[in-house]
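Protein chains in written order, with this note's numbering: chain B, 1 to 262; chain L, 1 to 793; chain P, 1 to 207.
Report on the structure given below.
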């Protein structure tokens with residue numbers, strides 16, 4: 001099966017937030033009220049009922065003002081930190097088309113995925129005690145529809161399709177931008193997580209932080225430690241402990257004393 | 001729009017000014033993005049704020065609100081002084097070569113003919129010099145000192161880049177960069193489009209402003225060209241339709257409203273049917289009698305006969321100088337001269353300027369009928385005091401308001417069929433998706449039942465103007481609920497002899513043998529069926545005109561004035577991008593904006609105008625034949641061009657006891673109002689999803705001003721004008737840059753509109769601050785560019 | 001002095017035993033449910049305890065009970081658990097203890113140095129477990145840096161503690177017969193006391 005992807009051309013994003021609403025409507029999320037924090041952003045952050053957030057970043061650069069609007073959601077990593085961290089088998093699944101999906105019947109609400117995610121995406125619902133995030137509308141894509149956000153995007157900033165094709169499209173758009181005088185234009189497809197199935201075209205790919213994207217995201221060291229060496233060390237402790245004491249008994253027997261009850 | 005949304009993709013440069021399509025027309029904005037991706041088009045954004053559109057533009061120029069004419073005048077000067085304009089187009093298709101009478105001039109803020117005593121112009125020097133046959137004299141070399149071209153050059157010689165900078169507050173370099181970018185469209189094979197919206201129409205000199213844009217586009221040779229035009233982005237799904245149907249102060253199809261001094265149909269037609277001003281002018285408005293008689297036949301049916309002037313005399317008539325524009329009738333209402341108001345899909349308390357005056361005016365009515373989906377601020381105006389007492393301290397207590405309010409639950413768009421007319425002039429038919437909920441009725445049922453009841457009362461009791469109602473034709477299958485299909489067929493018009501639907505306005509007659517509810521819509525529902533419901537996606541020209549998709553007025557023409565995309569002989573200016581072509585025997589491509597069976601040389605290109613060509617110079621607008629920069633009614637500076645005549649001499653300022661203007665001494669900052677993309681005007685605050693996206697009112701405060709006043713984002717601030725105040729949290733931003741105007745630092749304060757006291761989210765009504773100042777031509781209020789003060793609350 | 005072999009010498013009073021067993025049960029619960037969440041291969045344990053979500057919900061409470069019980073034990077024993085010079089010698093020669101060769105080992109008091117070490121180790125690990133457990137309990141309100149730390153500290157501490165407990169259980173059951181009764185019923189035989197905790201036995205015999 002072909003790996004699918006979402007391409008976000010940030011140079012075409014106008015921050016209209018249609019994707020925010022489409023996401024909520026398709027996924028039956030309850031509406032709340034926005035939180036004012038001195039920007040145009042709807043919420044300070046993603047939420048269990050808000051899987052798709054346009055981040056607004058305003059700054060002055062040498063070339064004048066810039067007001068970056070960047071869609072933020074699950075990146076559907078090739079090597080998903082959430083999946084690595086998840087203790088409940090089957091709660092997080094990586095579909096053959098590359099979508100990283102949550103199965104809430106199996107989710108136990110531990111929140112380890114929140115910590116394991118290098119992009120800080122999953123969110124715990126206080127009501128259901130389960131964790132939620134963008135599923136790339138796996139229920140839509142399974143039947144050949146595009147994800148809700150892509151369907152609603154008015155400027156074609158968002159496209160959905162085969163990953164290889166979108167990656168080529170992204171590269172050629174970056175090329176076009178470079179030819180147009182944006183020397184730093186490039187594609188955001190971080191290799192620290194094996195690449196992502198959500199790709200970005202950035203006017204300045206050397207500085208993804210300006211968009212609110214981590215520069216070199218990797219699976220957190222502690223998650224890697226915990227799921228790597230610590231696992232072996234732990235097994236050694238358990239097995240070693242049990243076998244060690246058992247064979248100690250076999251070799252040395254109990255420590256007895258004179259007059260011990262029989 | 002002269003062109004249309006899909007056509008924007010054909011542009012090489014897009015000038016966005018007085019609008020913010022990325023914010024307010026995000027769906028249409030996709031075609032701007034297409035132009036960028038496919039044609040490498042440049043996007044130039046001129047706006048007081050670094051807007052969402054600015055965020056994706058190639059060139060952003062900040063400008064002080066209300067100085068757009070200065071900027072456009074600067075562009076005109078730049079084009080003329082650098083020779084970056086399309087000379088042949090200007091020579092062939094405009095009135096640049098026309099000669100103006102001796103005595104025309106402009107001095108110290110006034111055009112010639114100013115009458116200080118009457119506070120108005122005598123326009124006799126603003127006319128063409130005519131020959132013995134009444135035709136205008138021309139000089140094709142454009143050299144004659146009294147030619148429009150030379151007069152225009154002289155008029156705009158004052159608008160140097162330095163002057164533009166001094167007035168608008170942008171730097172000279174910023175202006176030059178933008179000017180260079182937009183004037184690439186002067187090349188014959190380049191097109192530029194202008195997208196504007198309420199940032200242009202809501203000034204006391206708005207019509208002149210759009211005139212200036214049209215002049216610039218004519219200089220660039222962009223009118224009639226794919227990817228060109230002057231394009232108004234309409235703010236509602238059907239606002240184009242409401243203007244076309246004459247919902248304001250016109251009859252359908254832009255026919256003038258009858259006035260008392262045109263007592264008979266002949267008087268009316270004589271006064272409103274233009275004669276041609278050049279021998280080769282087609283002068284299509286010469287057909288006005290056909291349009292008007294057919295309209296009267298639609299109104300009065302068989303009762304309209306030649307003998308009774310087709311019922312013209314039954315039509316209500318306005319007095320010679322009456323104005324029924326918004327500001328005028330609310331002023332009359334406030335003066336206690338009106339009994340009632342039917343507010344249909346309108347929310348004057350929220351959208352009218354000077355909210356306190358709106359509320360006070362409604363309080364003086366005997367009755368108010370509001371037909372709406374929700375209980376709007378207007379329907380609930382009597383609750384203004386308890387709900388928003390902090391903003392309307394003078395609002396009356398409900399018990400003291402005599403107005404009887406009827407709130408009629410109406411259906412929303414999805415519960416009705418009918419056509420939406422979009423910015424592209426497309427009439428797109430839609431079907432109803434749902435039945436109206438509860439007691440809500442479809443609009444046509446509300447109107448029909450009111451009509452039938454009122455007619456019944458007139459029949460029984462008689463009264464003034466009864467004939468107009470009693471003679472009206474009302475031939476619907478169910479009189480109390482006309483189907484919109486019946487109405488649409490009626491609007492299209494039929495041949496009364498054969499009973500067949502008309503194919504277009506070319507078939508209209510002035511002898512009473514045709515009826516037509518709106519001549520420009522004729523052709524939308526022919527014998528072949530409902531053309532508006534078509535959804536064909538063929539694109540024979542390859543220009544994205546989609547002639548089989550819905551139906552576009554007039555005559556399914558997708559680009560107005562497309563005759564001007566070819567030269568006098570019929571040769572396209574840009575062969576790679578020709579919407580129409582003369583193949584030697586006939587016109588092919590888009591519906592030609594011309595006599596369809598005439599050869600190119602038979603007539604000049606602009607058939608709707610008596611001149612036959614487009615007008616740089618026009619005596620039709622009240623404050624002068626050329627656009628001139630005038631300051632808003634409330635301005636932080638005196639007009640740098642002519643301080644003695646700072647404000648538009650004919651701008652309408654109301655002076656009731658609730659109307660006041662402030663000065664920059666008390667109100668040093670410029671207030672600008674705008675909508676946000678998350679909202680649809682004052683409506684979506686009633687819906688959960690949209691309310692969530694931008695729940696909170698805020699005031700956008702320039703960073704530098706905030707530092708001066710020690711205001712941080714989130715701090716509560718109070719914004720006051722001479723009319724009222726609003727309060728809310730500050731959003732401190734660098735996106736509204738302080739400007740240096742005439743040597744003085746000017747701050748602009750951003751005030752998004754949307755909130756009110758009705759709906760799921762609430763906040764102040766921004767129009768509490770705006771003044772009762774109006775454009776003299778259109779009657780649109782000056783919502784942009786008024787003076788405010790700002791303090792930490 | 002002849003040994004009255006049938007005498008019951010009180011070893012742990014009821015308070016001590018109650019606290020110990022509360023700690024033991026809650027530790028076992030927390031350890032087994034924790035192990036279920038630690039490795040997919042042990043996730044079957046989660047089903048034994050009511051399913052993943054139940055385990056996620058109750059595991060932290062197991063930790064809280066353990067912490068409380070341990071707190072009681074700590075307050076009862078901390079003074080007695082202080083290491084003295086004899087203990088240090090004992091620890092240096094503890095390899096002999098492991099092979100039942102007790103030559104040169106100083107006499108143990110109420111607790112031998114090995115027990116004392118276990119006590120201090122488990123207390124320290126419990127502190128780590130408790131602190132990191134709190135972080136993991138409410139991931140949505142905890143700073144990411146702390147969560148990242150906790151995610152390693154918690155299982156590492158838990159595994160250390162489980163390792164210690166395995167040894168402890170072995171010592172308290174198979175390796176040292178009758179010790180179990182001391183913790184269960186609260187008394188030991190004089191011979192046992194003299195053999196395992198001679199200094200303690202002599203001290204209580206003097207009174």
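The beta-carbon is built from N, C-alpha and C at its ideal position, and this holds for glycine as well.
Can you give me the C-alpha to C-alpha distance between residue i and residue j, rounded to a whole angstrom?
i: residue 541 of chain L; j: residue 11 of chain L; result: 15 Å
i: residue 82 of chain L; j: residue 577 of chain L; result: 26 Å
i: residue 367 of chain L; j: residue 408 of chain L; result: 13 Å
i: residue 87 of chain L; j: residue 425 of chain L; result: 30 Å
i: residue 59 of chain P; j: residue 124 of chain P; result: 20 Å
i: residue 258 of chain B; j: residue 191 of chain P; result: 7 Å
i: residue 62 of chain L; j: residue 748 of chain L; result: 11 Å
i: residue 374 of chain L; j: residue 176 of chain L; result: 49 Å
i: residue 49 of chain P; j: residue 165 of chain P; result: 21 Å
i: residue 249 of chain L; j: residue 317 of chain L; result: 11 Å
i: residue 41 of chain P; j: residue 28 of chain B; result: 35 Å
i: residue 231 of chain B; j: residue 90 of chain B; result: 20 Å
i: residue 786 of chain L; j: residue 692 of chain L; result: 30 Å
i: residue 157 of chain P; j: residue 128 of chain P; result: 7 Å
i: residue 314 of chain L; j: residue 532 of chain L; result: 32 Å
i: residue 310 of chain L; j: residue 669 of chain L; result: 55 Å
Kindly indicate the opening and closing residues of the alpha helix (DSSP H) around residue i.
i: residue 97 of chain P; result: 94 to 98
i: residue 172 of chain L; result: 172 to 182
i: residue 56 of chain P; result: 52 to 77
i: residue 137 of chain P; result: 113 to 137
i: residue 218 of chain L; result: 206 to 219
With DSSP as the reference, label residue i as helix, strand or coil.
i: residue 366 of chain L; result: coil
i: residue 755 of chain L; result: coil
i: residue 66 of chain B; result: strand
i: residue 164 of chain B; result: helix
i: residue 537 of chain L; result: coil
i: residue 468 of chain L; result: helix
i: residue 168 of chain P; result: helix
i: residue 805 of chain L; result: Any answer about residue 805 of chain L is impossible in this case: the structure gives chain L only from 1 up to 793.
i: residue 105 of chain P; result: coil
i: residue 494 of chain L; result: strand
i: residue 157 of chain B; result: coil
i: residue 186 of chain B; result: strand
i: residue 16 of chain B; result: coil
i: residue 647 of chain L; result: strand
Tell me the residue span of the beta strand (DSSP E) that contains residue i.
i: residue 81 of chain B; result: Careful: residue 81 of chain B lies outside any beta strand (DSSP E), inside the alpha helix (DSSP H) at 81 to 85.
i: residue 728 of chain L; result: 725 to 733
i: residue 29 of chain L; result: Unbroken run through residue 29 of chain L is the alpha helix (DSSP H), 29 to 39; no beta strand (DSSP E).
i: residue 58 of chain B; result: 53 to 61
i: residue 46 of chain L; result: 42 to 47
i: residue 4 of chain B; result: 4 to 9
Does at least one heavy atom of the ligand GDP sit under 6 Å from the Cβ of residue i?
i: residue 55 of chain B; result: This structure lacks the ligand GDP, and indeed carries no ligand of any kind.
Counting only Cβ-Cβ distances shorter than 7 Å, please list the residues of the stretch 141 to 152 of chain P near chain B, keeping chain order. Listed in sequence order: 144, 147, 148, 149, 151 and 152.
Should the stretch 65 to 77 of chain B be called in touch with the stretch 5 to 17 of chain B, which here means at least 3 C-beta pairs below 8 Å? The stretch 5 to 17 of chain B and the stretch 65 to 77 of chain B touch, with three or more beta-carbon pairs separated by less than 8 Å.
Contact set between the stretch 729 to 745 of chain L and chain B, restricted to residues whose Cβ is under 9 Å from the partner: Listed in sequence order: 729, 730, 731, 732, 733, 734, 735 and 737.
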